[in-house]
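The sequence shown maps to residues 64 to 533 in the working numbering. Notes follow once the structure below has been shown.
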Amino acid sequence: MAFLSFDHGAVVYGATPVENMFLLEYLPVAPDDCLRVYLYARLLCCHPELGGSVSDVARALRLTDEAVEDAFRFWEREGLVKRLTDRPPTYALLPMRGAASASEMDQQYYQFRDFNASLQRLFGDVILHGEVAIPQEWVTVFGYTVEAALKIVEYGLTVLRLSRRTPRATLRKLDNVAREWSERGARTLADVERMIAEKSGDMRMAEAVLKRFGLRRRPTEDELALARKWRGWGFDTEAVLAACGETTKASNPSFAYVDRVLEGRYLQTDANFAALRDVLRELGASALPTPETLKRYAAFLEAGFEAATVTAAAIALNAQNRHRFEDLERLLTQWAEKGLFRADAAEAYLQRQRGLQAEMIELLRLAGSDRTPGLADIALFEGWKARFSPEMLHLAAEQARGKGAAVGAIDKLLAAWEKEGVSTPEQARARRERPAKGFDNPALHYEQRPLAGDGGELFTDLSKYRGNGE
């Protein structure tokens, strides 16, 4: 097979044909060595006697073999060259886009032709190789548009000032950025531009803090995350730099110290700070309000709860020795389902719950238990009251005494009564007095053999019962 040849469909317009489209699109932007290799390759297609290998091209153009191979890979990504074999390498020059219809395989192989060409232009003279698969995955796996993926690379090279000389390392770093933004829902060019605007603001703020500390380096990802948090709290760069003045009290000024200063200032300006502090005290929690719990407390109020309702829920939980903020959220979720948003409605509900709790405590004492029922127990008790009379419940408690956990024993007995149709105290007592039906084991019904000997000796002549197996 010839080292180089024109692909079927390419049109030859002269001794060394070069399309005007090539001169207009690639001559201004393609790397010099790549241009030299491509033009010489077109010459060899017409005059194969001038060279038949990569080494011949390298010798003629005074390049290394590696530079020639890089150039062919470049034109492969541009969609103007197709590799035919690997050992030895042979290629076919393809027509410019639109000059001929490509096969289905070619269309699939070169689906990223324009994308790869745009990537190559961003990196300039540094030839890209297999690392182009990294941004291609942003499109095929993460769902980015081609324009959005290219914008991420441009952002990395211009704003983050990542190196063009090490494209693989640069694209790997940007892969983390692409993943993070994808998880936040970025897909389109507009999405990426919005993320860049946010990130740029974070970068400027973090760089300003580093400069104030006298540090000449790039912000770390953790420092950028703190800057993003401060901006989310509503602080601008001037306010953050003012907080840096507080770091003179620390031996080692740091972003973490600034974060504590800003958190304190943010909490003091929150209108719900005092109210949440009181709620946490009523809950019996030792923690003070944080920006996160303030946000969650504000969500209670936005859902329609009165502040006094939230406080009442905290008091109720503390009485049950439950002190976590998550318990408060769960209880308020249950109250929302019951429509208990107003403080008076919540207080009426709690009053009823306290009455049910007192009744159940009395019932558990009859069963020999001194435990205090919780919310789940009271809900179970309400179900019992809806199905059985108070006399039946007292009788069930008495009969469950000494049969394990009182609540479980009572519930099991009531379920059995319900299944058997026991609905009166007389039926319940009669059921208890009935002897339990034992299990009749048929294996015990065998013929008893008499003892051998006159004196009732405990001896049996086993030879009489010997079977065929001896």
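All C-beta atoms in this analysis are idealised placements derived from N, C-alpha and C, irrespective of residue type, glycine included.
- Put simply, the backbone Cα of Asn83 is about 15 Å away from that of Leu157.
- Apart from sequence neighbours up to five positions away, no residue of its chain approaches Ile424 with a beta-carbon distance below 6 Å.
- For Ala134 and Ala249, the gap between their C-alpha atoms comes out near 35 Å.
- A straight-line Cα-Cα distance of about 12 Å links Thr251 and Ile259.
- Excluding five sequence positions before and after Val81, the CB atoms of its chain that fall closer than 8 Å to its own CB belong to Leu102, Arg105, given in chain order.
- Taking Thr396 as reference, the option from Arg415, Leu426, Arg359 with the minimal CA-CA separation is Arg359.
- Taking the CA atoms as reference points, Gly437 sits about 52 Å from Glu301.
- Counting only runs that start and end inside the segment 371–424, the alpha helix (DSSP H) elements of at least 4 residues fall at 388–401.
- DSSP places Tyr154 within a strand segment (E or B) once states are collapsed to three.
- The segment 448–467 and the segment 410–427 touch, with three or more beta-carbon pairs separated by less than 8 Å.
- With contacts defined by Cβ atoms closer than 8 Å, Ala377 and Val342 form a contacting pair.
- The continuous beta strand (DSSP E) containing Leu147 extends over residues 144–149.
- About 14 Å separates the beta carbon of Leu147 from that of Leu107, a gap too long to meet the 8 Å contact definition.
- Contact between the segment 89–101 and the segment 116–133 is present, with at least three C-beta pairs closer than 8 Å.
- The C-beta of Gly402 has fewer than 16 other C-beta atoms within 10 Å across all chains shown, which makes the residue exposed.
- Between Gly187 and Arg227, the gap from beta carbon to beta carbon is short of 8 Å.
- Beyond the five residues adjoining it in sequence on each side, Ala306 comes within less than 6 Å, by CB distance, of Val321, Val324, Leu325 in the same chain, given in chain order.
- Between Val100 and the set Ala121, Met266, Ala375, the nearest pair of CA atoms involves Ala121.
- A straight line joining the alpha-carbon of Thr208 with that of Pro354 spans about 36 Å.
- The C-alpha of Arg494 is placed about 9 Å away from the C-alpha of Trp480.
- Each residue's CA atom was taken as its position, placing Glu284 and Phe318 some 12 Å apart.
- According to the DSSP assignment, Asn179 belongs to the alpha helix (DSSP H) that extends over 176–186.
- DSSP places His457 in the uninterrupted alpha helix (DSSP H) bounded by 453–462.
- Nearest to Glu422 by C-alpha distance, out of Ala409, Arg393, Leu394, Pro453, is Pro453.
- Look at Leu67 here: in three-state DSSP terms it is strand.
- About 12 Å separates the Cβ atoms of Gly219 and Thr229, ruling out a contact at the 8 Å cut-off.
- Per DSSP, the unbroken alpha helix (DSSP H) holding Ala260 starts and ends at 252–275.
- Counting only runs that start and end inside the segment 81–148, the alpha helix (DSSP H) elements of at least 4 residues fall at 83–88, 95–109, 117–124, 128–141.
- One alpha carbon belongs to Arg464, the other to Thr487, and they sit about 19 Å apart.
- Taken through DSSP and simplified to helix, strand or coil, Arg228 comes out as coil.
- Inter-residue distance for Leu113 and Ala155 is about 17 Å (C-alpha atoms, whole angstroms).
- Here Asp474 really is in contact with Leu443; their C-beta atoms are around 6 Å apart, less than 8 Å.
- With respect to the 8 Å criterion, Phe388 and Ala348 are classified as neighbours on the basis of their beta carbons.
- A Cβ-Cβ separation of about 4 Å places Arg176 in contact with Gly142 under the 8 Å criterion.
- Between Leu357 and Leu339 a beta carbon distance of about 6 Å is seen, short of the 8 Å cut, so the two are scored as contacting.
- With a cutoff of 8 Å on beta-carbon distance, Asp254 and Ala196 are scored as not near each other.
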